[in-house]
Structures are given as structure tokens and as C-alpha cells.
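Participant:
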Amino acid sequence: MESKISVPDATALWLDESVLAGPKEAFIIEREFAHMHPRPDSSLHLHLPLELAVYAISGGWA
Numbered sequence: 001m002e003s004k005i006s007v008p009d010a011t012a013l014w015l016d017e018s019v020l021a022g023p024k025e026a027f028i029i030e031r032e033f034a035h036m037h038p039r040p041d042s043s044l045h046l047h048l049p050l051e052l053a054v055y056a057i058s059g060g061w062a
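Position one of the sequence shown corresponds to residue 1 (the UniProt record's numbering), numbered consecutively onward.
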């Protein structure tokens with residue numbers, strides 16, 4: 001599925017409507033929680049709770 005907020009042709013990861021959504025701040029927009037930019041960039045934008053973001057950064061993943 002194409003991202004509703006990123007550059008053209010970015011691929012989005014969406015939480016299905018059949019699943020409880022959780023907190024609004026867990027999403028970039030609507031139910032989109034991540035997207036990958038097309039080549040040559042190929043970067044990934046992902047929303048994480050603050051505690052997990054700190055963990056990802058300290059582990060060298062972000």
C-alpha cells in the first residue's frame with residue numbers, strides 16, 4: 001500500500017482495521033505506523049513509543 005504522507009511510491013505498513021489500534025501517537029497518520037522510501041533512498045520511518053525509540057537508538061538500530 002502506498003504511504004499517505006511520504007514521498008510518491010513509498011510503501012506503507014498499516015494496521016488492519018480488524019485489529020485494535022492502540023494510542024493515536026503510535027501512528028504516523030491514520031493506521032500507518034511505518035513506511036519505506038523508494039530507491040535509491042530506501043530509508044524506513046517507523047513510529048515507536050519513547051522507551052523503545054531510546055532502546056533502538058542506544059542499540060544502533062536508529
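For each residue, glycine too, the CB sits at the ideal point set by N, CA and C.
Got a sec? Which residues, its chain only, sit under 8 Å from Ala53 by beta carbon, not counting five neighbours each side?
Facilitator: Ala62
Participant: Nearest to Thr11 by CA position, among Leu46, Pro23, His37, Ser43, is which residue?
Facilitator: His37
Participant: Straight-line CA distance for Lys4 to Glu25?
Facilitator: 16 Å
Participant: When the Cα atoms are used, what is the spatial distance from Val7 to Ser18?
Facilitator: 27 Å
Participant: Could you pull the DSSP bridge partners for Ala34 from this structure?
Facilitator: Leu13, Leu46
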